[in-house]
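S.K.: Reading the sequence shown from the start, the letters are residues 0 to 901 in numbering that gives the first Met the number 0.
A virtual CB, placed ideally from N, CA and C, is assigned to each residue, including glycine.
Predicted, not measured: the structure shown is a model, and the values here were computed from it.
The following block contains the structure, expressed as structure tokens.
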Amino acid sequence: MNKKTILTISKSVIIILILLAAVFALRVPAADLNSLPNDVKGDYVDAQGLPYFSEMDSYYNLRLTENFVDHGYAGDEVVNGSVMDMHRYAPDGGELNYELGIVYVTDFLNDIANMFGSYSVKEVAFWTGAIISSLAVIPAYIFARRLTNDYGAITAALIIGLAPNYFAHTFPGFFDTDMFYYIFSLFFILFFMECLKSDNLIYKIIFAVLSILSIGLFSMSWTGYVFYVALMGLYAVIYLIASFVLKIGNDHVEDYPSRLSWFLHQKDFLSVVLVLVIGFIGLAILRGFDGVTGIFSQVFGLLNLQSASVVIGGFPNVLISVAEMQMPALLGSGMGSAFLANTSGAVNGIGGILVLFAGLIVLYALIVRLWNLRSAKVKDTHKKPPKSERKSAAEKIDAKYKFKFSLGDLGNFTSSEDLYTTKRITLMYGLLFIIWTIVACLAVSRGSRFITTLALPFGLMAGIAVGYLVDYIKANEIKDKFLMAIIVLGGFFAAFPLVTINMTYGVLLFAVIIVLGAIFIYAKSNADDLKKLPLKKYLAVIVVVLALVSPSVCGAYQTADHVVPGTSDPMWNAMTWIDENMPEDTVITSWWDFGYLFEIAADRQVTFDGGSQSGERAFWLGQAMTTDNLELSAGIFRMLDTTGDRAVDALDEINGGNTSQTTSILIDILPMTAGDAKNTLINTYHLTDAQANEVVSYTHPENPRPVIFVASSDMLQKAGWWTYFGQWDFEKQNSTNYQYYLPTSEATVEPGQSAKVNMLNESGMAINVVIDRGTGNNTTTADIETTYASNGSQIMINGSEYNPLNASRLVIVEDGQMVKNESINGSNGNYTLFLMGVGNTYTPIIMSSILENSMFTRLYLEGGFGQNIFTQVHSEEGVSLWQVNFNNTAAGGASTSTNSTN
């Protein structure tokens, strides 16, 4: 290894270390909660002063990690050799089937951290995502550097390491498996390509092993690894077919008896076979034989997760309610959004429109190059190049796999080996980026969570584009006016994202770039000679890099600076109350969002959570919250949390899998006594005595487990989803959602005064609630008006007031007492106006009429007034806990005799 090679490697190591420090430093501010006022910030940190995690999956991973550190396995107990998680999916829990890479890595980091101090697992986990995800710049830089220069590699590494959707899941306090996504996927593809490129059999084997090791570790860390196995499998097949058709190989077809014989002796075919064999063995060891053979079916399942048509046993697909499963917008709103990097749209998610254009230019160049290479010829010359043009060994190695971005020199190859290498490498990487981009675009069409897959090929291609633009600027004489145009345009694109953060800093950056450009271009300088690169070109090169990476850097800064934890003291304290005051067999039931937090904070089992969410549980929880029959709500909780899905399974087996009939029967009998339920099953639904006894034992179990229903303010905004699932039409396989409309602010209304509260602004229209408060008792009233947002005048259509949220009923609760519940004269609207007053502060809520008497409204908004089935046992700000009093239901706390058939 000569001095030049050592210098090149050392320089790359230093650059990588700087990149690591930079991307980690941009993540650190997320721990400071800078967007929260100081008087509020305390509500979002725990008793140790550590911010709460930013989303609920983090708490699941934390619980598993704490289990592993505590007793050596991630679950709660081991049953017949199977590790069981008894905190989720009441009543039976489930076998732990989860990629535990995050647990093993955090345990390792925990051991390292505690060599230097005393740290809890939670503290280590809080920082693990930021530490591990920052390592993504290593494979990103190496991958890009194999194809272009340092400038392009730096660009690619920053775009990838700071990709908005990736960054938004990997800052401090976000403890999820996303942290591994870029590291292992990039190393897998990098080593796969190196295996293909290498001419040395030993190197091929080494790179094949490293490639499989990468995907093997990926398979232990994230379910989505199958996407990249399928991607590279598809790529390998297409690449081999193209090589066969185009006769691209390491020797001539004429030297073999047939083209097939020639093809089977090619090094690329050997490389693919090596990866395939080693990969099959390696993944079979890690995932089992079935895990390997089922990879492609897993891929199609992954891409169809959010399809509304995919139902389980007739129940709706709850995953359509997950935000990341929604089809993303192309761009965020606003004219300038195209030049910003954020999570608002697919283009923003890859780093902005400049990254998109740079990637598309590279794709176009690769396609044209592949086409033109068909007719490329070997130049008949044996002359040595002049000494000034000869390259050192290190420079030859560095340039060996680079693309020649200029398409004008395709016919000037000095040897057949040179032509073969160019064709092979162009085909190899051209097909890689084309297939990668197409497959990633297909994935993005299935949900915004897949934008992270699209950022990888575009980040690398943007780096290639920058690298070759830099090479062009450095190697060619460019007129000063064109160079100044590059600097001005690049300076604008570099400064624009900064302007969105701080106008002064953005303008200052642009001004500095312009001034330096003018000085370096138009002022005479001794440095501006032909023997060294002029300063003006260095500036142009730096500005080009800044223009591409500035959106990602600024977007990352804004994301980290505006982090708000996913929970706060009220919810955590409510769960702590359960842990300290409720029996250990208590089940916590609510919508699935906070399930993971309930499990770790209350140390109790839940009805379902983010990982055990199913259409069946979503339907029953939605039904329980939407219905106005509290007996039914209690019956649903009794059934689910004590016997689980057994009643549904038993009835499905009896009626031939007719889920619509099964749910109708259960909704009918759950509010009844056990005896009445049995009689109904026999006399109305024609079950046998034995069948009825079995079903009733599941719907009306003896000694039902204690149940706490958690009602929280966030569920008002999620009503559209839980009503959608709760009102599911099994015949039509569709539903309707119902909403609570919340105000933008509260209103202070003194006696004898009035106030106007805005509820909705849409399409130039403002919907407001007007509150009038009298001076006597029970004199408060309210109504809804619709005005033009521009001038505040009331909207009239054909002489009548226009009101899309017309209310037919008014409900007013003041200081915990219901003071008014009446129809609004002359109104036949589909909404109810609910007004809640505490002292002189009033909060209006407009709700769909179907929600007026729903279980959730009666408990959370009306404080449980007029019923005794649910008792509020504890409350915090925005959170109330309701214990189900089964003894106060018609069915009672334990089932009665079911022998009667009257």
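Leaving out five residues on either side along the sequence, give the residues of the same chain with a beta carbon under 8 Å from the beta carbon of L185.
M.R.: So the list reads A135, P138, A139, F142, I159 and L455, once near-sequence residues are dropped.
S.K.: Output needed for D91: all residues of its chain with C-beta closer than 7 Å, excluding positions within five of it in sequence on either side, in chain order.
M.R.: Excluding residues within five positions, the ones whose Cβ falls inside 7 Å are G643.
S.K.: In whole angstroms, what is the alpha-carbon distance linking T641 and Y227?
M.R.: Their backbone Cα atoms lie some 41 Å apart in a straight line.
S.K.: Taking all protein chains shown into account, decide if W370 is buried (16 or more other Cβ within 10 angstroms of its Cβ) or exposed.
M.R.: The residue in question, W370, is exposed, as its Cβ has fewer than 16 Cβ neighbours within 10 Å.
S.K.: Can we say the stretch 166–185 touches the stretch 144–153, given the rule of at least three CB pairs closer than 8 Å?
M.R.: Contact between the stretch 166–185 and the stretch 144–153 is absent, because fewer than three Cβ pairs lie under 8 Å.
S.K.: In this structure, what does DSSP give as the bridge partners for V706?
M.R.: V586.
S.K.: Measure the Cβ-Cβ separation of M192 and M502 and say whether it is below 8 Å.
M.R.: Against a cut-off of 8 Å, the Cβ pair of M502 and M192 comes out as no contact.
S.K.: Which residues bound the beta strand (DSSP E) around I766?
M.R.: I766 -> beta strand (DSSP E) spans M764 to D771.
S.K.: For H873, which residues does DSSP report across the bridge?
M.R.: DSSP output for H873 lists L880 as bridge partner(s).
S.K.: Work out the CA separation of V271 and A484 for me, nearest whole Å.
M.R.: Going by the C-alpha atoms only, they are around 47 Å apart.
S.K.: Pick out whichever of Q793, F833, V540 and R62 has its Cα sitting closest to the Cα of H86.
M.R.: Cα-wise, what sits closest to H86 is R62.
S.K.: Just verifying my parser: in three-state terms, what is the DSSP assignment at P943?
M.R.: Because residue 943 is not part of the residues shown, which for the chain are 0 to 901, the question remains open.
S.K.: Here's the rule: buried if 16 or more other CB atoms are within 10 angstroms of the residue's CB, otherwise exposed. What is E861?
M.R.: So E861 ends up on the buried side.
S.K.: Among the candidates D560, A235, L263 and F338, whose CA atom is the shortest distance from the CA of G248?
M.R.: Out of D560, A235, L263 and F338, L263 has the C-alpha closest to the C-alpha of G248.
S.K.: Which whole-angstrom value is the C-beta distance of F125 and G172, which I expect to be below 8 Å?
M.R.: Indeed, because the Cβ distance is near 6 Å, the residues count as touching under 8 Å.
S.K.: Which stretch, first to last residue, makes up the alpha helix (DSSP H) that contains V82?
M.R.: That residue, V82, is in no alpha helix (DSSP H); its beta strand (DSSP E) goes S81 to D84.
S.K.: How about the stretch 627–637 and the stretch 870–890: do they share at least three Cβ pairs that are nearer than 8 Å?
M.R.: Contact between the stretch 627–637 and the stretch 870–890 is present, because at least three Cβ pairs lie under 8 Å.
S.K.: Can you list, in chain order, the residues of its chain with a C-beta nearer than 6 Å to that of L6? Leave out the 5 residues immediately preceding and following it.
M.R.: If we look at L6 and ignore the five residues flanking it on each side, it has no Cβ neighbours.
S.K.: Starting from I844, follow the beta strand (DSSP E) in both directions and report where the run begins and ends.
M.R.: Per DSSP, I844 belongs to the beta strand (DSSP E) from T840 to S847.
S.K.: DSSP has A754 in a bridge; who is on the other side?
M.R.: A754 pairs with I770.
S.K.: Among L453, R448 and L545, which has the Cα closest to the Cα of V469?
M.R.: Looking at the Cα atoms, L545 is the closest of the given residues.
S.K.: Where does the unbroken alpha helix (DSSP H) through M714 begin, and where does it stop?
M.R.: Taken as a continuous stretch (DSSP letters only), the alpha helix (DSSP H) holding M714 covers D713 to Q716.
S.K.: Is V354 helix, strand or coil when you go by DSSP?
M.R.: Three-state DSSP puts V354 in a helix.
S.K.: State the start and end residues of the unbroken beta strand (DSSP E) segment that holds I783.
M.R.: T780 to Y787 is the extent of the beta strand (DSSP E) around I783.
S.K.: Which residues does DSSP pair with Q732 in a beta bridge?
M.R.: Per DSSP, none; premise fails for Q732.
S.K.: Give me the Cα-Cα distance between I15 and G466, rounded to the nearest whole angstrom.
M.R.: In a straight line, the C-alpha of I15 is about 17 Å away from that of G466.
S.K.: Considering only DSSP beta bridges, list what Y739 is partnered with.
M.R.: M846.
S.K.: By alpha-carbon positions, which one of L189, D198 and S197 ends up nearest to I211?
M.R.: Closest by alpha carbon: L189.
S.K.: Are the CB atoms of G565 and S711 within a distance shorter than 8 Å?
M.R.: Result no, Cβ atoms of S711 and G565 do not sit closer than 8 Å.
S.K.: Please list the terminal residues of the continuous alpha helix (DSSP H) segment that includes N797.
M.R.: Element bounds for N797: n/a, residue is neither H nor E.
S.K.: Can you tell me whether A73 is helix, strand or coil according to DSSP?
M.R.: The answer is coil: DSSP assigns A73 none of H, G, I, E or B.
S.K.: Let's see if you can read the secondary structure: which residues bound the beta strand (DSSP E) around K819?
M.R.: Note, K819: beta strand (DSSP E), Q816 to S822.
S.K.: Spell out the partners DSSP gives F833 in its beta bridges.
M.R.: According to DSSP, F833 bridges with V810 and I844.
S.K.: By how many angstroms is the C-alpha of H699 removed from the C-alpha of A646?
M.R.: Each residue's Cα considered, the two are about 10 Å apart.
S.K.: Can you tell me whether N767 is buried or exposed, with buried defined as 16 or more other CB within 10 angstroms of its CB?
M.R.: The residue is buried, with at least 16 neighbouring Cβ atoms inside 10 Å.
S.K.: Counting C-beta neighbours from all protein chains within 10 Å, is the total for Y740 16 or more, i.e. buried, or is it exposed?
M.R.: The residue is buried, with at least 16 neighbouring Cβ atoms inside 10 Å.
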